[in-house]
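Enquirer: Residue numbers (the numbering used here): 108 to 593. Just so it is clear, CB atoms sit at the ideal spot from N, CA and C, and this is done for glycine as well. Since the model is a prediction, treat every value here as computed from it, not as a measurement. Quick one: the structure is below, and I'll ask about it shortly.
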RNA sequence: CGGGCUGUGGCGCAGUCUGGUAGCGCGCUUCGUUCGGGACGAAGAGGCCGGAGGUUCAAAUCCUCUCAGCCCGACCA
């Protein structure tokens with residue numbers, strides 16, 4: 108017992124990253140696979156993260172003039188079929204509802220769909236709602252005075268994925284989908300860029316996530332979009348993950364659904380529509396960007412619980428220690444910090460490891476010493492035991508928010524440094540090949556967009572399992588990022 | 001949809017070749033000693049072995065059919 112500190116998660120990231128990821132999901136009690144193929148059950152601690160994300164972002168959308176609404180989960184197949192590229196993109200992953208009632212089997216065993224209850228027109232379970240919202244918008248928009256129309260719904264969608272991975276790619280996943288309509292292209296494009304900016308701000312300021320904003324290449328565009336914008340993040344294994352997208356749909360959906368308005372001069376014109384989203388996938392991204400070999404490391408501003416107060420009981424003075432713990436938690440709450448005393452009937456070390464695996468940003472340990480001296484001992488999750496410090500009660504309470512802010516800033520900086528360190532420059536397709544051959548495909552390679560025109564480009568990227576992530580804004584669209592991706 | 005594999009207490013597995021009526025680790029319960037970077041002892045609870053049919057005195061084990069899931073490929077937030 109000494110050499111190498113035992114890690115809470117086996118295997119480590121280095122040993123087997125995908126397996127490590129699964130183990131963190133389990134150890135942090137975030138979610139589990141459900142009896143339904145490819146669909147996850149999100150457990151309370153995991154769902155609390157999502158609720159916090161919604162809680163922060165939803166008001167931002169409302170400030171921007173977006174109104175929430177709710178559209179059906181089932182979409183007539185004919186709706187989906189209307190936009191050619193869109194159907195092609197989603198057809199294969201649609202679940203279809205063909206019947207509407209069940210009855211007992213004649214032999215008394217189990218249920219079967221009633222033979223007479225086949226639907227005349229089947230429905231698909233929504234894989235995304237452009238079509239049914241487009242249909243509604245066509246009715247709701249009459250005049251230029253109705254524009255822009257900004258709608259959003261928080262919901263789940265279903266895509267019958269071949270290779271599900273919890274949070275990252277599940278059959279059903281939760282998201283919000285914004286669907287806006289504008290009078291002209293300028294409005295739609297501005298919308299895409301504005302919302303992308305909101306995502307970026309949200310990721311940086313709340314998730315401590317640094318990503319690259321950019322434009323998708325044609326091959327990676329949303330089916331039915333003229334332009335897709337995204338934020339691309341780098342996971343700790345060097346793979347890319349698309350964290351969110353905004354789509355400029357041009358007049359493609361307006362044409363097929365008849366989303367038209369009468370302009371000021373009396374003429375009729377098509378709307379320019381957009382759609383955009385981020386999903387519960389971000390929870391998976393948080394794990395893969397911030398997690399370590401002891402489990403989850405939660406960004407403080409989105410953490411379901413920011414501070415855990417851990418009583419260290421020895422059998423005497425227990426009541427007094429508990430009272431002191433409660434006082435600390437109350438003090439923190441007074442500062443707007445979510446804190447809870449871990450009163451569970453468990454051994455202290457087990458509680459401590461539970462807090463570590465769940466990634467609670469700040470852990471407070473209170474035993475007889477602290478109580479007698481009126482001090483507080485605390486440890487930062489992102490740094491670990493080296494950060495253990497003891498302060499007076501007042502000093503700690505007053506400074507706790509500052510500590511959480513420092514945790515956030517450090518996590519963001521660390522994450523950004525990781526991406527920068529693992530982003531490599533190249534000039535030609537040959538550079539791309541050399542890099543991913545040698546380094547087994549870690550990180551991003553940035554090359555001039557001209558490389559996309561190389562006649563061998565498609566064959567090479569396919570061969571090496573590479574994708575074009577985006578053409579970053581920061582390079583003015585002159586470069587493209589190449590990487591393996593989730 | 002092609003190729004490979006697995007179904008045995010909550011979880012992870014052994015037992016299957018060579019049929020004899022189910023076992024291990026973790027977890028869980030109780031008691032005691034413990035509790036500041038993962039404790040130990042003792043005593044317990046919990047499974048008709050994915051399902052259906054067959055062979056047999058006897059099936060987790062052999063045969064037939066069936067269902068479900070996993071991994072690799074094509075597809076994807």
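#1: Report the three-state DSSP secondary structure of residue 261 (helix, strand or coil).
#2: Please name the residue in 576, 502, 569, 556 whose C-alpha comes closest to that of residue 584.
#3: Tell me whether the segment 333–345 and the segment 215–235 touch, counting them as touching only if at least three CB pairs, one residue from each stretch, are closer than 8 Å.
#4: Figure out for me which residue from 447, 475, 155 has the closest Cα to the Cα of residue 421.
#5: Would DSSP call residue 279 helix, strand or coil?
#6: Report the residue ranges of all alpha helix (DSSP H) runs contained in full by the segment 395–481; include only those spanning at least 4 residues, in chain order.
#7: Report, in whole angstroms, the separation of the C-beta atoms of residue 156 and residue 274, which I expect to be a contact under 8 Å.
#8: Hey, residue 378 and residue 315: beta-carbon distance below 8 Å or not?
#9: Mapping the DSSP letters down to three states, classify residue 574 as helix, strand or coil.
#10: Could you tell me if residue 388 is buried or exposed, where buried requires 16 or more neighbouring beta carbons within 10 angstroms of its beta carbon?
#11: From residue 571 to residue 128, what distance separates their C-alpha atoms?
#12: Could you tell me how far apart the beta carbons of residue 236 and residue 286 are, in whole angstroms, since I believe they sit closer than 8 Å?
#13: Any idea which residues DSSP pairs residue 355 with across the strands?
#14: What residue does the beta strand (DSSP E) around residue 144 start on, and which one ends it?
#15: Quick check on the burial criterion: 16 or more other C-beta atoms within 10 angstroms. Buried or exposed for residue 347?
#16: Expressed to the nearest angstrom, what Euclidean distance is found between the alpha-carbon atoms of residue 199 and residue 234?
#17: Is DSSP giving residue 248 helix, strand or coil here?
#18: Can you tell which of 365, 232, 382, 120 has the C-alpha that lies nearest to the C-alpha of residue 294?
#19: Can you look up residue 486 in the DSSP assignment and give me helix, strand or coil?
#20: Between which two residues does the beta strand (DSSP E) holding residue 589 run?
#21: Roughly how many whole angstroms lie between the Cα atoms of residue 406 and residue 468?
#22: Residue 183 and residue 228 - do their beta-carbons sit closer together than 8 Å?
#23: Going by other Cβ atoms of all chains shown within 10 Å of its Cβ, with 16 needed for buried, is residue 207 buried or exposed?
Expert: Working from what's here:
#1: In the three-state DSSP reduction, residue 261 falls in the strand class (E or B).
#2: Among 576, 502, 569, 556, the Cα nearest to that of residue 584 belongs to 556.
#3: Remark: fewer than three beta-carbon pairs, one from each stretch, lie closer than 8 Å, so the segment 333–345 and the segment 215–235 are not flagged as touching.
#4: Comparing C-alpha distances from residue 421 to each of 447, 475, 155 shows the shortest one belongs to 475.
#5: Strand, per DSSP.
#6: Complete alpha helix (DSSP H) runs here, min 4: 425–441, 455–465, 475–480.
#7: No, residue 156 and residue 274 are not in contact; Cβ-Cβ is about 10 Å, not under 8 Å.
#8: Going by C-beta atoms, residue 378 is not nearer than 8 Å to residue 315.
#9: For residue 574, the secondary structure class from DSSP, reduced to helix, strand or coil, is strand.
#10: Buried: at least 16 other Cβ atoms inside 10 Å.
#11: Each residue's alpha carbon lies about 23 Å from the other.
#12: Between residue 286 and residue 236 the Cβ distance is about 7 Å, and since that is below 8 Å, they are a contact.
#13: Paired residue(s): 334, 381.
#14: That residue, residue 144, is in no beta strand (DSSP E); it is neither H nor E in DSSP.
#15: Result: buried.
#16: About 11 Å.
#17: Here residue 248 sits in coil by DSSP.
#18: Out of 365, 232, 382, 120, 382 has the C-alpha closest to the C-alpha of residue 294.
#19: Residue 486 falls in the strand class under three-state DSSP.
#20: Residues 586–590.
#21: C-alpha separation (whole angstroms): 7 Å.
#22: Cβ distance < 8 Å, so residue 228 and residue 183 count as in contact.
#23: Flag for residue 207 reads exposed.
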